[in-house]
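> Numbering (full-length UniProt numbering), first residue to last: 1 to 183. Would you mind keeping the following structure in view while I ask a few things?
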């Protein structure tokens, strides 16, 4: 099983990268690749730019990573209630690749975390509405509120037993789906 883990943030200390990285450890016998948004930095999407220069190679590279994966783990950082600019720009450019749905119907566990009590709920709600329009096959969602209280940074894992158990159940669910799809 190939897992592509995407943290929708370009921060070097991204809490969503920490969460998605931890989630990858809950899969057995998986080949994991963790995407760094900084590797896909492109000019801000503009229609004129697309007409003049086409879709940047980084968008095609991002799409190729999605295509090679069996499961997508996407943990989105929330900036003013929606996606980070870094993620949104990659998403926008990838959506411009001809004859392609961004997420290519890959089974996806959509996640978010934040320092506050909503845990990135705003960005999850936005993604739940938008991603299916772009080939998003959202199997389940997970949010971790109060990241600093519920995540053990030293051991890089969720310290809140209830939230950890919830994530493990959701990972089990998407893992089982992959097993069914392989048959």
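The beta carbon of each residue, even a glycine, is placed where N, CA and C say it ideally should be. All of these numbers come straight from a predicted model, not from anything done at the bench.
#1: If the criterion is Cβ atoms closer than 8 Å, does the pair residue 4 and residue 66 meet it?
#2: Just to check my reading of the structure: residue 175 and residue 27 have Cβ atoms closer than 8 Å, yes? What is that Cβ distance to the nearest angstrom?
#3: Using only the heavy atoms of the ligand ADP, determine whether one of them is closer than 7 Å to the beta carbon of residue 8.
#4: For residue 137, name the three-state secondary structure that DSSP assigns.
#5: Does the stretch 45-62 come within contact of the stretch 81-95, defined as at least 3 CB pairs closer than 8 Å?
#6: Taking a contact to mean a Cβ-Cβ separation below 8 Å, would you say residue 23 touches residue 177 in this structure?
#7: So, at 8 Å on beta carbons, what are the nonlocal neighbours of residue 49 in its own chain, with the 5 sequence-adjacent residues on each side left out?
#8: Take the Cβ of residue 38 as the centre, count every other Cβ of all protein chains shown within 10 Å, and call the residue buried at 16 or more, exposed below.
#9: Hey, residue 147 and residue 115 are a contact pair by Cβ (cut 8 Å); roughly how many whole angstroms apart?
#10: Suppose you measure from the CA of residue 73 to the CA of residue 110; what does that come to, to the nearest Å?
#11: Could you check what DSSP says for residue 180 in three-state terms: helix, strand or coil?
#12: To test your reading of the DSSP string, which unbroken beta strand (DSSP E) runs of 3 or more residues are found completely within the stretch 32-79?
#13: According to the neighbour-count rule (16 or more other Cβ atoms, all chains shown, within 10 Å of its Cβ), is residue 55 buried or exposed?
Checking against the coordinates, here is how it stands:
#1: As a working note, residue 4 is residue 4 in the chain shown. As a working note, residue 66 is residue 66 in the chain shown. Against a cut-off of 8 Å, the Cβ pair of residue 66 and residue 4 comes out as a contact.
#2: Start at 1 with the first residue of the chain shown, and residue 175 comes out as number 175. Start at 1 with the first residue of the chain shown, and residue 27 comes out as number 27. Confirmed, about 6 Å.
#3: The ligand ADP is not part of this structure, which contains no ligands at all.
#4: Indexing the chain shown from 1 puts residue 137 at position 137. In this structure, residue 137 counts as strand in the three-state DSSP scheme.
#5: yes
#6: Residue mapping note: residue 23 aligns to position 23 of the chain shown, counting from 1. Residue mapping note: residue 177 aligns to position 177 of the chain shown, counting from 1. The answer is no: Cβ separation not under 8 Å.
#7: Taking the chain shown and counting its residues from 1, the one referred to as residue 49 is at position 49. Around residue 49: 43.
#8: Counting from 1 along the chain shown, the entry for residue 38 is found at position 38. Its Cβ having fewer than 16 others within 10 Å, residue 38 is exposed.
#9: Taking the first residue of the chain shown as 1, we reach residue 147 at position 147. Taking the first residue of the chain shown as 1, we reach residue 115 at position 115. Residue 147 to residue 115, Cβ: 5 Å. Contact.
#10: Position 73 of the chain shown, counting from 1, holds the residue named residue 73. Position 110 of the chain shown, counting from 1, holds the residue named residue 110. Rounded to whole angstroms, residue 73 to residue 110 spans 6 Å at the Cα level.
#11: Taking the chain shown and counting its residues from 1, one reaches residue 180 at position 180. Any reading at residue 180 is ruled out, since the residue's pLDDT is 49, under 50, leaving its predicted position unreliable.
#12: 71-76
#13: Translated into positions along the chain shown, residue 55 becomes position 55. It is buried - the Cβ of residue 55 has at least 16 other Cβ atoms within 10 Å.
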